[in-house]
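So that you can map any letter, position 148 of the sequence shown is 162 in the numbering used here, and since no number is skipped, the others follow by simple counting. Before any comments, here is the structure.
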Amino acid sequence: MSLLELFLVAIAVSMDAFAVAICKGLSMQKVTFKKALTVGLYFGIFQAVMPLIGYFLGVQFREIITSIDHWFAFFLLAFIGINMIKESRSNEGCPSGDLGFKSMIILAISTSIDALAVGITLAFLKVDVLQSVSFIGAVTFILSMVGVKIGNIFGTKYRSKAELVGGIVLICIGLKILLEHMGVF
15 MSLLELFLVA IAVSMDAFAV AICKGLSMQK VTFKKALTVG LYFGIFQAVM PLIGYFLGVQ
75 FREIITSIDH WFAFFLLAFI GINMIKESRS NEGCPSGDLG FKSMIILAIS TSIDALAVGI
135 TLAFLKVDVL QSVSFIGAVT FILSMVGVKI GNIFGTKYRS KAELVGGIVL ICIGLKILLE
195 HMGVF
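See below:
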């Protein structure tokens, strides 16, 4: 996986966290650096840890399904991408501006489930897993902090677009993995 592909995956899986960060910013009267940092840390850490867990789960099955790993990666990324596109079309409300431990843990876990699945996919690709998960976590951290500020300034206008773009990117990367394995690229 190239650095560009890793960057696109990092952006795509961080779109849920970015969208929630926008909502957090929307619900805050005043955004401070500390509040944005809190949101960024929760989402960034979970987006780094979940693919690491997924990677170690995927490694357990790598030898069993090596002959079909490209199909597995494609379907998993396409499934996540389609779900993100569906979420972009929903009219669910934003979470509150509460930055308490319980509220943030629930949001961090729920926005990083797709990163767990991406981690399973990483187990079938030639990647440096620690570099990959660190990169995913860092990108999510930055986008989440920016999302809080954007939400506070612009509102929910960009939430659905972020999830839509993230879903499309994941589907495209899954398709690229499949086509590369088939010798098209």
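Ideal Cβ positions, reconstructed from N, Cα and C, are used throughout, including at glycine.
- Nearest neighbour of Thr125 by Cα position, chosen from Phe75, Leu22, Pro65, turns out to be Pro65.
- In this structure, Ser102 places its C-beta atom within 7 angstroms of the C-beta atom of Glu177.
- Here the C-alpha atom of Leu90 lies approximately 7 angstroms from the C-alpha atom of Ala131.
- Annotation for Leu139: Met15 place their beta carbon closer than 6 angstroms to its own, counting only its chain and skipping 5 residues before and after.
- When secondary structure is reduced to three states using DSSP, Thr46 falls in the coil class, being assigned neither helix nor strand.
- Going by DSSP, Gly197 is part of no alpha helix (DSSP H) at all; its letter is neither H nor E.
- Rounded to whole angstroms, His84 and Ile191 show a C-alpha spacing of 6 angstroms.
- Taking the C-beta atoms as reference points, Phe57 is found nearer than 7 angstroms to Ser158.
- Cβ atoms of Gly72 and Leu136 come within 8 angstroms of each other, at about 7 angstroms.
- By the neighbour-count criterion, in which 16 or more other beta carbons inside 10 Å mark a residue as buried, Phe21 falls on the exposed side.
- Here Val198 is exposed, its C-beta having fewer than 16 other C-beta atoms within 10 Å.
- Positions of the alpha helix (DSSP H) runs, each at least 4 residues long and wholly inside the region 131 to 182, are given as 143 to 168 in order along the chain.
- Per DSSP, Met15 lies in no alpha helix (DSSP H) segment and is marked neither H nor E.
- At least 7 angstroms separates the beta-carbon of Val27 from that of Asp142.
- When DSSP states are grouped into helix, strand and coil, Asp112 belongs to the coil group.
- Short of 8 angstroms from the beta carbon of Glu19, and not among the five residues preceding or following it, lie these beta carbons of its own chain, in chain order: Ile187, Lys190.
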